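A.B. asks: Protein chains in written order, with our numbering: chain A, 1475 to 1792; chain B, 5 to 694.
C-beta: ideal position from N, C-alpha, C; glycine also.
Since the structure is predicted, the reported quantities are computational estimates derived from the model, not experimental observations.
Can you keep this structure in mind? I'll have questions shortly.
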């Protein structure tokens, strides 16, 4: 099973150049049954990553470009009267795919956004009173432009919470960019090698749930949540006193953190969690849940970094 | 701050059970002082407690709102205070303050409405217990006080953490007590004993033991008392015969027809200029005396007693006195010269004073004295004649003599013929003076109870060594001294002529029976002595109490100073002050570290062995100059080590790997043990490299 993971990563990294960590995070998110939000400027490879991920994993895939006039029915699907058989016929929307790429999700109106986000949480949609189960695995990759861009509808906190991770790709380094410009990356049109079957993915997801989290690890996660909730932590001081300015982490956030860390450990070929796993995924899992709206993200010392600094790894709850 | 204030002022109500517990606790606290409180006050206290009991019953058993009107309570309080103020003159300052304290303590319980009221009540209770120690400090009493203290603490615990089970409560209390005991012992030994800024005021009624004037009938009161007067430690040396154990306290030379008094003032004028230093000869016996507080200045010694202590004055009548009254248990060392004669020559003033009789106060005795003077030439013969009279006629020794009108010695000598030591000593002395021989009455104690915790009474025949002598108030005695040419002051005990057993070996059983029927003390001495095992137990307890007195209560400023001197060499003032400052600092540090230590201890107990090992090694690496933050993970730390201390790289990586497995992996017990062993090996290896 580990070979499969390795191959997937190699495959993805050969297309999304110079971003091994982000690729790995994206895979971890998928394995942990979470949805992924990629936030970045246009042209940074968001769509490439999403597309590659779906192709590599051999999953059904559809891309929807979100625009301000997109309607919920365009996402979910619609019943149309078929005059031939004189019956309403369901036209399934793009959401009935295993991997859904919702491009520029924050350009759509809130109404459409929430239709998608509801489906993400429930893993089912209701059209004209009939409930339709979504396929398994179901994985939404949404991309969004940074909030200060014109014509965006920011996702509310409650909907941001539905995404297990938010990653941003960022500019590639010189080497990677050189390779991109020299078109050393594989051609998009060239068929991506299907490595994985759907069954393998489901087995892996089950395996991940068995990854052992010791009590210290659980305490570490709790301690991190506590800090975000303003509980003072012994021996920790930042400039603004002991309190970190952020939104509190919910138990769902804690669960997401644990799940993502387990997937990370699984990718690392381990059957137990280490604090390093938590640290590796913490920023991606929690930053979008922590940030205050309208608060500009700091580059080097983000809120999640501050929280990580506040907790003693070996003795989290002291 | 605001928070605590609000908490303290928060309303407070007790449950039914806790109310009774508090009530019981109050009862115990008050009874620790019961012996010092006068009867009327005890009645008031009992009334208040009954009242409270009634209130508790009303409140919980019949849902009525039981409340005492504040006006009534205030009136009651004012009334009580007035009563205390009125009796204050008789009671003395200290006792009336104790009355006020207990009264306030009982009344406070009526108005527990807020948390702070409850705190105040408990603190008052503790203060009450401390006050009880002013009056009594012996071992058994102290032990009982500790029990009451525990009761107080239990009330506190029960009310503030009711969820705690009894064992865990007992554990908390005992931990607290042990901690405070350790602290108390350290403070007891090294903390400087500053002389108090205020003296505990002593009331006249607080005086116990002999008084400086004696009239027939006085010592009988003492004879009923089973209280300890003092203890003697002969330091392993031989103890003189019982019949030689005349502990002189004072000589009474003035007689006004009713009572004997000290000739103190006259002495002072003549002798104050230079300290009296008696001539001594022969071998001295050396012993320590530990006196119970008597609130007087008399000390006790055998024959010519001398002390090197500057706090002790030697008087010209060979008695010793302290410069201050004995308000607490004190300890002094005495050298006694049993074979030295007292005053081979006396001056005329002294002679005259010791010959003076009040003409006409006891005409029959005067006549008898004159007859003796003409009948016998030598003073000894006159004395023997009187003693023979005591022996021959129907005199008997009793603690309950018939009353004498105006303390007439005539009446005693010729009519009633029943009395105890003072009667005999007075009449003998009076007769001797009438017969022209200088004589005086001496008061003090006779004998004592020998205790080396073997159940052997001190006797004439067996020479005892070791152990100590306990002298009780009922050993109080009076005898006479006559001055003979060439011999000096010669001790004559007329009681010996009447009741030889009293003088030879102590109380006869008939006397003991008499005493036990007369006094109403809890401890019935007569019965005690007749039941062998009880007596043995009593002696054991006495021995224990003696050690307690000697080592704990007797640990005086001087002893502390000696101890510190032994530790720090010569008593250079700066060293002493360094000790003072040092012990203060140690005290503070101890208090501080005690809390930290217990925290650390608690934490260390929780930590797993691998975490302990890891932290140890980490600390060593930090000492090597590595600066890990607390949020660094073990693997990142391993990377840091690899980077900065490459020679450790592979070993530390392995150590970290094993540690991580132990810390985070799901392992069976067996696997854990194996890995822990591996970790330890790796630790030793790394330690060697460092």
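(1) I'd like to know if residue 634 (chain B) contacts chain A, where contact means its C-beta is closer than 8 Å to some C-beta of that chain.
(2) Looking at C-alpha atoms only, which residue of B:331, B:624, B:308 is the closest neighbour of residue 298 (chain B)?
(3) In whole angstroms, give me the CA-to-CA distance for residue 494 (chain B) and residue 102 (chain B).
(4) Along the chain, which unbroken stretches of the alpha helix (DSSP H) at least 4 residues long are found entirely within the stretch 1531–1573 of chain A?
(5) Roughly how many whole angstroms lie between the Cα atoms of residue 363 (chain B) and residue 261 (chain B)?
(6) Can you tell me whether DSSP reads residue 583 (chain B) as helix, strand or coil?
(7) So with CB distances below 7 Å, who are the chain A contacts of residue 615 (chain B)?
(8) Bridge partners for residue 100 (chain B) per DSSP, in chain order?
(9) What are the residues of the stretch 667–679 of chain B that lie near chain A, defined by any Cβ-Cβ distance shorter than 7 Å?
(10) On the DSSP bridge list, what partners appear for residue 400 (chain B)?
(11) Taking only beta-carbon atoms, is residue 1785 (chain A) less than 8 Å away from chain B?
(12) Using DSSP with H/G/I as helix, E/B as strand and the rest coil, what is residue 460 (chain B)?
(13) Mind checking the stretch 1677–1689 of chain A against chain B and listing, in chain order, the residues whose C-beta falls within less than 7 Å of any C-beta there?
(14) Taking the alpha carbon of residue 153 (chain B) as the reference point, which residue from B:141, B:126, B:60 has its own alpha carbon closest?
(15) Cα separation between residue 690 (chain B) and residue 615 (chain B)?
(16) For residue 1787 (chain A), which of helix, strand or coil comes out of DSSP?
(17) Are the CB atoms of residue 1679 (chain A) and residue 1613 (chain A) nearer to each other than 8 Å?
(18) Exposed or buried, residue 588 (chain B), counting other C-beta atoms within 10 Å across all chains shown (16 or more means buried)?
(19) Quick one: what does DSSP say residue 1726 (chain A) is sitting in, helix, strand or coil?
(20) Just checking: is the beta-carbon of residue 639 (chain B) within a distance shorter than 8 Å of some beta-carbon in chain A?
(21) In terms of residues, what are the limits of the beta strand (DSSP E) holding residue 494 (chain B)?
(22) Of the residues B:647, B:123, B:483, which one's Cα is nearest the Cα of residue 247 (chain B)?
(23) Quick one: list the residues of chain B neighbouring residue 1691 (chain A), beta-carbon separation under 7 Å, in chain order.
(24) Residue 664 (chain B) touches chain A at which residues, Cβ-Cβ below 8 Å?
(25) Restricting to runs no shorter than 4 residues, where is the alpha helix (DSSP H) found entirely within the stretch 600–659 of chain B?
(26) Rounded to the nearest angstrom, what separates residue 41 (chain B) and residue 99 (chain B) at their Cα positions?
(27) Measuring alpha carbon to alpha carbon, tell me which of B:631, B:36, B:57, B:380 ends up nearest residue 20 (chain B).
(28) Compute the Euclidean distance between the alpha carbons of residue 263 (chain B) and residue 304 (chain B), then round it to the nearest angstrom.
(29) Going along chain B, which residues have a C-beta under 8 Å from residue 1452 (chain A)?
(30) Between the alpha carbons of residue 649 (chain B) and residue 1585 (chain A), how many angstroms are there, rounded?
(31) By alpha-carbon positions, which one of A:1755, A:1764, A:1701 ends up nearest to residue 1721 (chain A)?
(32) Looking only at its own chain, which residues have a Cβ that is under 7 Å from the Cβ of residue 1577 (chain A), when we skip the five neighbours before and after it?
(33) Return the residue from the list A:1657, A:1673, A:1558 that minimises the CA-CA distance to residue 1609 (chain A).
(34) Step through the CB atoms of chain B and report whether any lies within less than 8 Å of the CB of residue 1753 (chain A).
(35) On the premise that residue 289 (chain B) lies in contact with residue 340 (chain B), defined as a C-beta separation below 8 Å, what is that separation, rounded to the nearest angstrom?
C.D. replies: To lay it out plainly:
(1) Closer than 8 Å: yes.
(2) Checking every option, the nearest Cα to that of residue 298 (chain B) belongs to B:331.
(3) Taking the straight line joining both Cα atoms gives about 47 Å.
(4) Segments of the alpha helix (DSSP H) lying fully in the stretch 1531–1573 of chain A: 1546–1550.
(5) Spanning the two alpha carbons is a distance of roughly 9 Å.
(6) For residue 583 (chain B), the secondary structure class from DSSP, reduced to helix, strand or coil, is helix.
(7) Within 7 Å of the CB of residue 615 (chain B), the CB atoms of chain A belong to 1788, in sequence order along the chain.
(8) Bridge partners of residue 100 (chain B): none, in fact.
(9) Legend: CB atoms of the stretch 667–679 of chain B lying less than 7 Å from CB atoms of chain A belong to residues 667, 668, 669, 670.
(10) Within the DSSP bridge table, the entry for residue 400 (chain B) names B:422 as partners.
(11) With 8 Å as the cut-off, residue 1785 (chain A) counts as an interface residue toward chain B.
(12) Confidence at residue 460 (chain B) is low in this model, with a pLDDT of 46, below 50, so its placement is unreliable and the value that follows should be read with caution. Reduced to three states, the DSSP call for residue 460 (chain B) is coil.
(13) From the stretch 1677–1689 of chain A, only 1686, 1688 have a Cβ closer than 7 Å to chain B.
(14) Of B:141, B:126, B:60, the residue nearest in Cα terms is B:126.
(15) Approximately 16 Å, taken between the alpha carbons.
(16) In the structure shown, residue 1787 (chain A) sits in coil (DSSP, three-state: anything other than H, G, I, E or B).
(17) Going by beta carbons, residue 1679 (chain A) and residue 1613 (chain A) fall outside the 8 Å limit.
(18) So residue 588 (chain B) counts as exposed.
(19) DSSP places residue 1726 (chain A) within a helical segment (H, G or I) once states are collapsed to three.
(20) For residue 639 (chain B), the answer is yes, since a Cβ of chain A falls inside 8 Å of its Cβ.
(21) First-last of the beta strand (DSSP E) with residue 494 (chain B): 492–496.
(22) A check of alpha carbon separations from residue 247 (chain B) across B:647, B:123, B:483 identifies B:483 as the nearest.
(23) Near residue 1691 (chain A) (Cβ distances below 7 Å), the residues of chain B are 668.
(24) What residue 664 (chain B) touches in chain A: 1748.
(25) 613–627, 638–648, all fully within the stretch 600–659 of chain B.
(26) Spanning the two alpha carbons is a distance of roughly 7 Å.
(27) Comparing Cα-Cα distances from residue 20 (chain B) to each of B:631, B:36, B:57, B:380, the minimum goes to B:57.
(28) Computed Cα separation, rounded: 22 Å.
(29) This structure cannot speak to residue 1452 (chain A), because chain A is shown only from 1475 to 1792.
(30) Here the C-alpha atom of residue 649 (chain B) lies approximately 59 Å from the C-alpha atom of residue 1585 (chain A).
(31) When C-alpha distances from residue 1721 (chain A) are compared across A:1755, A:1764, A:1701, the shortest belongs to A:1764.
(32) Answer for residue 1577 (chain A): 1521, 1537, 1538, 1539, 1540, 1617, listed in chain order.
(33) With distances taken between Cα atoms, residue 1609 (chain A) lies closest to A:1673.
(34) So yes, residue 1753 (chain A) belongs to the interface.
(35) Yes, residue 340 (chain B) and residue 289 (chain B) are in contact; Cβ-Cβ is about 5 Å, under 8 Å.
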